[in-house]
Structure formats: C-alpha cells, structure tokens
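If you read the sequences in order, they're chains B and P. If you count the first sequence from 1, you need to add 36 to reach this note's numbering. If you count the second sequence from 1, you need to add 69 to reach this note's numbering. Glycine residues also receive a C-beta, built at the ideal position from the N, C-alpha and C atoms.
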Amino acid sequence: MKEKYQKEIDEIISRYPVKRSALIPLLYLAQQEHGYVTEAAMKEIAQLLRLTPPQVYETVTFYTVLNLKPVGKFHMQVCKSLMCALAGSDTLLGWIKTKLGIAPGESTPDGLFTLSAVECLASCGTAPMMQINDDYYEQLTEAKVDKILGDLKTSGTSDLKSGPYMWPLPVNAVRHEG
Amino acid sequence: MPKHELILLKNMSQPGYSGSLADYEATGGYQALRATLGKTAPADVTTAVRKSGLRGRGGAGFPTGVKWGFLPKDYQGPRYLCCNADESEPGTFKDRQLMERDPHQMLEGIVLACYAIGAESAYIYIRGEMVLGSKILERAIGEARAAGYIGNNILGTGIHVDVWVHRGAGAYICGEETALLESLEGKRGLPRIKPPFPATHGLYNKPTVVNNVETLANLPHILTRGAEWFAAIGSPPKSTGTRVFCVSGHVKRPGNYEVPMGVTFRELVYEHAGGMRSDKPIKAFIPGGASAPFLTPDHLDVKLDFESVAAAGSMLGSGGVTVMEEGTSMVWAALRLMEFFYHESCGKCSPCREGSSWLVQTMRRIMAKRGRMEDLETLLDLCKNIAGRTVCAFGDAEVAPIQSTLKYWRDEYVSLIREAEAADLIMPEAAGVRH
Numbered sequence: 037m038k039e040k041y042q043k044e045i046d047e048i049i050s051r052y053p054v055k056r057s058a059l060i061p062l063l064y065l066a067q068q069e070h071g072y073v074t075e076a077a078m079k080e081i082a083q084l085l086r087l088t089p090p091q092v093y094e095t096v097t098f099y100t101v102l103n104l105k106p107v108g109k110f111h112m113q114v115c116k117s118l119m120c121a122l123a124g125s126d127t128l129l130g131w132i133k134t135k136l137g138i139a140p141g142e143s144t145p146d147g148l149f150t151l152s153a154v155e156c157l158a159s160c161g162t163a164p165m166m167q168i169n170d171d172y173y174e175q176l177t178e179a180k181v182d183k184i185l186g187d188l189k190t191s192g193t194s195d196l197k198s199g200p201y202m203w204p205l206p207v208n209a210v211r212h213e214g
Numbered sequence: 070m071p072k073h074e075l076i077l078l079k080n081m082s083q084p085g086y087s088g089s090l091a092d093y094e095a096t097g098g099y100q101a102l103r104a105t106l107g108k109t110a111p112a113d114v115t116t117a118v119r120k121s122g123l124r125g126r127g128g129a130g131f132p133t134g135v136k137w138g139f140l141p142k143d144y145q146g147p148r149y150l151c152c153n154a155d156e157s158e159p160g161t162f163k164d165r166q167l168m169e170r171d172p173h174q175m176l177e178g179i180v181l182a183c184y185a186i187g188a189e190s191a192y193i194y195i196r197g198e199m200v201l202g203s204k205i206l207e208r209a210i211g212e213a214r215a216a217g218y219i220g221n222n223i224l225g226t227g228i229h230v231d232v233w234v235h236r237g238a239g240a241y242i243c244g245e246e247t248a249l250l251e252s253l254e255g256k257r258g259l260p261r262i263k264p265p266f267p268a269t270h271g272l273y274n275k276p277t278v279v280n281n282v283e284t285l286a287n288l289p290h291i292l293t294r295g296a297e298w299f300a301a302i303g304s305p306p307k308s309t310g311t312r313v314f315c316v317s318g319h320v321k322r323p324g325n326y327e328v329p330m331g332v333t334f335r336e337l338v339y340e341h342a343g344g345m346r347s348d349k350p351i352k353a354f355i356p357g358g359a360s361a362p363f364l365t366p367d368h369l370d371v372k373l374d375f376e377s378v379a380a381a382g383s384m385l386g387s388g389g390v391t392v393m394e395e396g397t398s399m400v401w402a403a404l405r406l407m408e409f410f411y412h413e414s415c416g417k418c419s420p421c422r423e424g425s426s427w428l429v430q431t432m433r434r435i436m437a438k439r440g441r442m443e444d445l446e447t448l449l450d451l452c453k454n455i456a457g458r459t460v461c462a463f464g465d466a467e468v469a470p471i472q473s474t475l476k477y478w479r480d481e482y483v484s485l486i487r488e489a490e491a492a493d494l495i496m497p498e499a500a501g502v503r504h
C-alpha cells in the first residue's frame with residue numbers, strides 16, 4: 037500500500053497534528069484497494085501511525101462501514117429502520133432477497149452482490165432506500181430495483197443513483213413522483 | 070411559493086442553483102465574511118450570536134453563543150472547531166441537503182465560527198456513508214481556498230483558517246460530541262465522561278467547539294442581517310430562527326421544510342407535508358428524531374419550539390418528524406427503534422449495553438405473541454435503570470420509544486400478551502418454554 041499511495045498517505049497524515057487521527061482515512065484507503073480491510077493492511081497502517089496492531093483492529097471493529105471480510109463487487113445495504121419500514125422497506129428487502137436468492141449477510145456465488153440490512157442512512161424523506169457501495173438509491177420500487185440490478189450487472193453503475201440531495205424539489209423544478 | 074420566508078433553503082430553492090462558489094457569491098455569499106473578518110472583534114461576533122438566541126440544531130438545543138463563551142479566554146495554544154455532520158438520528162436528513170446543495174453557506178459559517186473562537190483548524194466530521202456529500206464539500210473547500218476565503222491570510226486580514234473533511238465510519242454514537250472527538254482522534258467512538266467539557270478539553274485535549282451543520286449555516290445570515298432580525302423570527306425569546314424540519318413516514322409529501330420555530334405540528338404535517346398519504350387518520354408522531362418520545366394526535370397543536378415540545382413530554386431534538394397512520398402497530402414501531410438503539414449502543418456503559426439487549430429481547434417476545442403480563446413491568450423497570458445512568462444521553466434516548474408507547478398505547482401491548490395467554494390455554498405445555 038505504502039508504495040502505491042505514498043502521496044495520498046502523506047497528504048492525509050498532514051491534515052492532523054496527531055498522527056492517529058489519520059487512522060480511519062487510511063483504513064478507507066485500504067478498503068478501497070481490496071473491498072475490505074485486510075490484516076496486512078492493518079499491520080501496515082499500524083506501522084505508519086506508530087500504533088500497535090490491536091489499536092488499529094479495535095478501531096476497525098467499532099465501525100460498520102469498515103469491512104473485515106470480503107464483500108461482493110456491489111454491497112447492497114438496505115435500510116430497515118422505522119422510517120424506511122413505514123414506507124415498505126421490509127417488502128422491498130424481501131423482493132431483493134428473492135431476486136438475488138440470498139439473505140442479508142450473504143453474497144451471491146458469483147461474488148457480484150452482498151446483501152445487508154442496515155440501520156438509518158439519513159434519507160427518511162425519500163424512503164425506502166438503499167446504499168450500494170458509495171451511492172444512495174432512493175424512493176425505491178420493485179421496478180427500480182430490477183433496473184438497478186440489471187444496470188449494475190451490465191455496466192457496473194446505474195443512472196438511478198442519487199445526486200446532490202434535495203427533497204422536495206423546488207416547486208418550479210421538474211418533479212418526478214416516486 | 071413557500072408560506073414562510075426561507076433562510077437556509079433559500080438559495081437552493083432558486084431554479085438552477087448549483088451550490089458552486091460563483092452561484093453562492095451571486096446571492097450575496099461570503100459578504101458576511103468580508104464584513105466581519107478583521108472588522109468586527111471576535112468577541113463581538115460571539116455577542117451577536119448570543120443575542121440572536123441561536124440554539125444548537127443537532128438535538129440538544131444548547132445556546133451557540135454561550136457554548137462559544139465557555140472557551141478559556143487566556144489560553145494560548147491551538148483551539149479547534151468541529152462541524153458535526155454525522156447526521157445519524159433516524160428521521161433526520163436536513164444536514165445532508167444543506168451540505169450537498171449549498172456547501173458554501175456552511176463553509177462561510179465555519180470560517181466565521183473559527184474567527185469568533187480563535188480556531189485556525191476546523192474539521193467537518195461527516196458520516197461515513199455520505200460519500201457524495203464529502204466529495205461535494207471537498208470540492209467546495211477547494212473553490213473557497215482558491216478564492217481566498219479559506220486558508221492562510223484570508224482576504225488579506227492575516228487570519229488563518231483551514232478546513233478539512235473527515236469521514237466517520239457509520240457509528241450513530243459519533244454524533245455525540247465527545248464520541249465524535251474520540252473518533253476524530255482515530256479511536257473507537259466512546260463518549261467521554263463530562264466534565265471536563267470540550268470547551269476546555271476537547272480535540273487533542275485542546276479547547277474545542279462542536280457545532281451542527283445547520284447551526285453553522287445560520288451564522289452568515291445572523292451576521293449579515295443582524296442579531297435582532299434573527300431574534301425576532303420564530304418563537305422568541307427562547308426558540309429563535311427557523312428550522313429545517315424533516316418530515317417522514319405516512320405523509321403525502323415527506324421531505325425537508327424550513328419553517329419558523331413555533332408553527333404547529335398540524336401546520337407542518339397537513340400544510341407543508343400535504344397531510345396523510347391515505348385516508349387513514351394520524352395515529353402517532355415522533356417530534357424530534359428517534360430519541361424523542363412519541364406523541365399523539367392530541368399534541369398536533371403543540372408548537373414546534375424547544376419549550377413547547379418539552380412541555381408536551383417530548384423533545385424537539387434534531388427536527389426529524391415521523392408520522393404514523395392509524396393501523397400502525399406501536400409495539401412494532403417501538404421495537405424497530407429499539408433494534409436501532411441495540412445495534413448502535415457503543416458498549417461503554419453496562420446499563421445501556423446490557424439493557425438495550427434485554428429490552429429488544431423482551432419486545433421481540435411480546436411482538437411474537439409469547440409475552441407475559443409481567444413483561445410490561447420488566448420493560449418499565451429496565452427503562453428506569455438505563456435512563457440517567459449512562460455517560461451520555463444515549464441511555465435516555467433509547468428508552469423513549471418504549472416508555473412513550475407504553476404510556477399512550479399500553480392496550481396494544483396488553484392485547485398482544487392476551488393473545489399469548491389465550492394460546493397458552495390451548496397449549497399449556499408451551500407455558501414453560503417462552504424464552
């Protein structure tokens with residue numbers, strides 16, 4: 037990691053007067069590389085920040101965004117908190133389970149999709165919603181999910197992903213009913 | 070047209086507004102910064118903010134100017150500002166909109182706050198999932214730095230303020246200000262015992278202020294239009310200004326609505342959010358995020374300000390209003406929120422760590438029609454032993470859904486348990502194996 041990202045690593049560490057603050061940003065860098073945080077990466081980061089490997093490990097285990105196990109190419113995280121549940125997230129999760137043939141916590145055999153049921157992601161006004169890798173997908177319907185799954189399989193991305201958030205849209209803007 | 074004058078959402082409500090620096094400047098952006106830096110004494114900025122009556126928009130509602138005033142005046146070392154953008158309270162989604170649609174508004178607020186408290190470094194702690202938001206903020210910081218609004222010697226005044234985006238990694242508790250500081254220091258996000266408060270021992274043990282996104286976004290407006298102007302909006306003297314309320318649940322038009330504090334829940338739900346989505350009447354609502362106790366339709370005429378909601382037995386909290394229609398099971402709703410708190414308990418304090426697990430187990434048992442009448446007392450007893458016995462306010466928050474639903478909809482719990490008891494009459498052998 038060190039050779040490949042030397043510039044980024046130096047820049048990240050320079051933001052903080054105390055090196056340890058760079059821990060989560062560096063873990064993100066490691067996760068970006070492999071899809072999860074490997075043991076080797078944790079050891080390397082510990083060395084970079086002059087921490088012990090357990091200090092790195094204890095931090096990683098606290099945070100849900102950091103994965104300690106490999107995940108599929110597309111990590112589908114469906115919100116199951118109350119606000120999304122009121123808008124039908126349970127049915128939606130059931131739909132995705134059937135479409136992918138896996139339960140939350142599992143990955144498809146081809147390694148493409150991992151499904152998770154997660155807690156609130158701050159999109160309750162546009163529920164139900166899910167996050168796939170870095171992108172939010174909101175006001176989901178079964179048809180939208182089908183299109184997203186198809187798009188991801190064919191092109192690796194989907195134009196249904198959210199842009200800068202605003203809801204409701206200004207009155208004179210074009211409004212698509214969810 | 071909106072019924073009330075928009076302040077924070079005004080720019081982004083203009084057609085074509087992109088949130089770029091050029092767009093922001095065209096609407097008068099960074100004028101407060103130009104007029105204040107080097108021209109108004111930092112102490113006077115704090116005084117103006119105190120006079121405006123601005124209170125924290127993150128949940129606790131602490132007066133912002135007073136918070137700033139707690140920083141030691143004679144301390145020579147570095148001070149820090151942390152912008153709390155860890156928006157994770159279920160039902161709340163306003164900061165995301167403020168950051169992604171008008172990032173410079175909050176950046177101007179951040180620089181003004183740094184100037185007032187004498188900080189040269191600010192960290193925006195944004196929740197880890199908001200990747201888009203963090204990219205937008207980083208781009209905006211780059212624009213502001215290039216234009217001389219952020220960085221060394223801002224606009225030639227000799228003032229330095231640097232701003233960095235720091236992504237959290239998906240822990241609800243990191244919205245608690247001392248847990249946020251721990252997390253920013255690269256540790257597990259466990260809240261600290263207070264005192265000492267962040268004002269004296271904050272980030273890296275240095276004097277620190279932690280302010281919410283919406284709080285900071287208000288600053289340019291207060292300094293441009295005056296503390297008196299701001300103090301007259303809303304429900305003076307204690308709840309001044311507007312708030313961006315997030316309406317979710319069973320309404321026709323969920324979303325963010327900026328209204329002056331003091332309008333009623335009825336206006337927010339029926340006028341702004343368009344009323345109930347189907348013909349069913351409203352059954353319950355949560356007035357201020359998942360940590361706020363549930364209220365009933367009898368409370369619809371309560372005013373949306375800190376004092377009125379507190380007097381009604383709940384709290385205005387983060388401004389997340391979740392509406393539920395008739396037919397929604399309140400036991401189910403409370404269980405959903407309880408599962409959230411169970412998942413998010415950081416594990417530092419035993420009452421919360423163990424108690425949240427017991428509460429979830431008991432609630433699940435009742436929901437699965439395997440409960441017993443004494444479970445209700447167990448629930449209340451557990452709640453009583455968690456609230457007020459933890460390092461942070463999480464303990465008080467996690468018992469709110471159960472306590473309030475038991476208060477107003479006890480009959481729903483009872484009827485689920487009665488069904489369990491009736492089943493026992495048919496299958497007496499099941500009585501001993503209910504766990």
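Original post:
Where in the segment 332-413 of chain P do unbroken runs of the beta strand (DSSP E), each at least 3 residues long, occur, reported from the N-terminal end onward?
Top reply: At a cut-off of 3 residues, the continuous stretches assigned as beta strand (DSSP E) that sit fully inside the segment 332-413 of chain P are 351-355 and 389-394.
**OP:** Could you list the residues in the segment 249-272 of chain P with a C-beta less than 8 Å from some C-beta on chain B, going in chain order?
**Re:** So the close ones are Ser-252, Leu-253, Glu-254, Gly-255, Lys-256, Arg-257 and Gly-258.
Original post:
Can you name, in chain order, every residue of its own chain whose Cβ lies under 7 Å from the Cβ of Leu-129 of chain B, other than the five neighbours on each side?
Top reply: If you number the first sequence from 1, residue 129 of chain B lands on position 93. Cβ contact annotation for Leu-129 of chain B (same chain, cutoff 7 Å, sequence separation greater than five): Val-114, Lys-116 and Ala-153, in chain order.
**OP:** Please determine, among P:Tyr-192, P:Val-230, P:Glu-198 and P:Ala-185, the residue with the shortest C-alpha to C-alpha distance to Leu-157 of chain B.
**Re:** In the first sequence, the residue the question calls residue 157 of chain B occupies position 121. Ranking P:Tyr-192, P:Val-230, P:Glu-198 and P:Ala-185 by Cα distance to Leu-157 of chain B puts P:Glu-198 first.
Subject >> Sequence-distant residues of the same chain with beta carbon closer than 7 Å to Ser-304 of chain P, five excluded per side >> reply: Translated into positions along the second sequence, residue 304 of chain P becomes position 235. Answer for Ser-304 of chain P: Met-330, Gly-331, Lys-372 and Asp-374, listed in chain order.
Subject >> Burial state of Ala-91 of chain P (16 or more Cβ within 10 Å) >> reply: Translated into the one-based positions of the second sequence, residue 91 of chain P becomes position 22. Burial state of Ala-91 of chain P is exposed, judged by a 10 Å Cβ sphere holding fewer than 16 other Cβ atoms.
Original post:
When you compare only the Cα positions, how much space is there between Glu-142 of chain B and Gly-71 of chain B?
Top reply: Taking the first sequence and counting its residues from 1, one reaches residue 142 of chain B at position 106. Taking the first sequence and counting its residues from 1, one reaches residue 71 of chain B at position 35. In this structure, the straight-line span from the alpha carbon of Glu-142 of chain B to that of Gly-71 of chain B is close to 15 Å.
Original post:
Could you give the distance in angstroms between the alpha-carbon of Ile-285 of chain P and the alpha-carbon of Gly-147 of chain B?
Top reply: Working through the second sequence from its first residue, we reach residue 285 of chain P at position 216. Working through the first sequence from its first residue, we reach residue 147 of chain B at position 111. Inspection of the sequence shows that residue 285 of chain P is occupied by Leu rather than by Ile. Roughly 43 Å between the two C-alpha positions.
Original post:
Where does Gln-175 of chain B land, buried or exposed, given buried means 16+ other C-beta within 10 angstroms?
Top reply: For the purposes of this step, residue 175 of chain B is taken as residue 139 along the first sequence, with counting starting at 1. With 16 or more neighbouring CB atoms inside 10 Å of its own CB, Gln-175 of chain B falls in the buried class.
Original post:
How about Asp-170 of chain B: is its C-beta nearer than 8 Å to some C-beta of chain P?
Top reply: Counting from one through the first sequence, the residue named residue 170 of chain B turns up at place 134. Closer than 8 Å: yes.
Original post:
DSSP on Ser-317 of chain P, reduced to helix/strand/coil?
Top reply: In the second sequence, counting from the first residue as 1, residue 317 of chain P sits at position 248. If DSSP states are grouped into helix, strand and coil, Ser-317 of chain P belongs with the strands.
Original post:
Helix or strand or just coil, what does DSSP make of Val-45 of chain P?
Top reply: Nothing can be reported for residue 45 of chain P, as the shown portion of chain P is limited to 70 through 504.
Original post:
So, is the C-beta of Glu-213 of chain B closer than 8 Å to a C-beta in chain P?
Top reply: Reading the first sequence from its first residue, position 177 is the one you call residue 213 of chain B. Its pLDDT being 40, under 50, Glu-213 of chain B is placed unreliably in this model, and the value from its coordinates should be taken loosely. For Glu-213 of chain B, the answer is no, since every Cβ of chain P falls outside 8 Å of its Cβ.
Original post:
Which residues mark the beginning and the end of the beta strand (DSSP E) in which Met-166 of chain B is found?
Top reply: Numbered from 1 along the first sequence, position 130 holds the residue referred to as residue 166 of chain B. From DSSP, the beta strand (DSSP E) with Met-166 of chain B extends over 166-168.
**OP:** Would you kindly check if the distance between the Cβ of Val-118 of chain P and the Cβ of Gly-385 of chain P is under 8 Å?
**Re:** By one-based count along the second sequence, residue 385 of chain P stands at place 316. By one-based count along the second sequence, residue 118 of chain P stands at place 49. In the sequence on display, residue 385 of chain P carries Leu and not Gly. In this structure, Val-118 of chain P does not lie closer than 8 Å to Leu-385 of chain P by Cβ.
**OP:** State whether the segment 378-393 of chain P contacts the segment 335-350 of chain P, with contact taken as three or more CB pairs (one from each stretch) at a distance under 8 Å.
**Re:** Touching, yes.
**OP:** Take the Cβ of His-212 of chain B as the centre, count every other Cβ of all protein chains shown within 10 Å, and call the residue buried at 16 or more, exposed below.
**Re:** In the first sequence, the residue the question calls residue 212 of chain B occupies position 176. No answer about His-212 of chain B holds up, because its pLDDT of 43 lies below 50 and its placement is not dependable.
Original post:
Is Asn-153 of chain P closer than 8 Å to Tyr-194 of chain P when the C-beta atoms are compared?
Top reply: Here residue 194 of chain P corresponds to residue number 125 of the second sequence, with the count starting at 1. Here residue 153 of chain P corresponds to residue number 84 of the second sequence, with the count starting at 1. Their beta carbons are under 8 Å apart, which means Tyr-194 of chain P touches Asn-153 of chain P by this criterion.
Original post:
So Ser-157 of chain P packs on Gly-244 of chain P, CB below 8 Å; how close in whole Å?
Top reply: Position 88 of the second sequence, counted from the first residue, corresponds to residue 157 of chain P. Position 175 of the second sequence, counted from the first residue, corresponds to residue 244 of chain P. That belief holds up - the Cβ atoms of Ser-157 of chain P and Gly-244 of chain P are roughly 5 Å apart, short of 8 Å.
**OP:** Would you verify that the beta carbon of Phe-139 of chain P is, or is not, closer than 8 Å to some beta carbon of chain B?
**Re:** Against the second sequence, residue 139 of chain P aligns to sequence position 70. Judged by the 8 Å Cβ criterion, Phe-139 of chain P is not in contact with chain B.
Original post:
Among P:Lys-438, P:Lys-352 and P:Lys-136, which has the Cα closest to the Cα of Arg-125 of chain P?
Top reply: On the second sequence, position 56 is the one that residue 125 of chain P refers to. Reading off the sequence shown, one finds Gly at residue 125 of chain P, where the question assumed Arg. Of P:Lys-438, P:Lys-352 and P:Lys-136, the residue nearest in Cα terms is P:Lys-136.
**OP:** Report the partner residues of Thr-309 of chain P according to the DSSP bridge assignment.
**Re:** Translated into positions along the second sequence, residue 309 of chain P becomes position 240. Paired residues: P:Gly-303.
Original post:
Do we get a CB-CB distance below 8 Å when we pair Val-122 of chain B with the residues of chain P?
Top reply: Within the first sequence, numbered from 1, the residue matching residue 122 of chain B stands at position 86. The amino acid occupying residue 122 of chain B in the given sequence is Leu; Val does not appear at that position. It does; some Cβ of chain P falls within 8 Å.
**OP:** Please list the partners that Arg-405 of chain P has in chain B, where partner means a Cβ-to-Cβ separation under 7 Å.
**Re:** Sequence index remark: in the second sequence, residue 405 of chain P carries index 336 (1-based). The answer, in chain order, is Ser-117, Leu-118 and Ala-121.
**OP:** Kindly say whether His-412 of chain P, judged by its beta-carbon, lies nearer than 8 Å to any beta-carbon of chain B.
**Re:** Along the second sequence, read from residue 1 onward, the residue named residue 412 of chain P stands at position 343. With 8 Å as the cut-off, His-412 of chain P counts as an interface residue toward chain B.
Original post:
If you measure from the beta carbon of Asn-221 of chain P to each beta carbon in chain D, is any gap under 8 Å?
Top reply: Reference to chain D is not applicable here, since the protein chains of this structure are B and P.
Subject >> Pro-141 of chain P: first and last residue of the uninterrupted beta strand (DSSP E) it sits in >> reply: The residue you call residue 141 of chain P lines up with position 72 of the second sequence. No residue range can be given for Pro-141 of chain P, since it is assigned to no beta strand (DSSP E) and is classified by DSSP as neither H nor E.
**OP:** Return the residue from the list B:Ile-184, B:Gln-67, B:Met-112 and B:Leu-87 that minimises the CA-CA distance to Asn-103 of chain B.
**Re:** Here residue 103 of chain B refers to the residue found at position 67 when the first sequence is read from its first residue. Comparing C-alpha distances from Asn-103 of chain B to each of B:Ile-184, B:Gln-67, B:Met-112 and B:Leu-87 shows the shortest one belongs to B:Gln-67.
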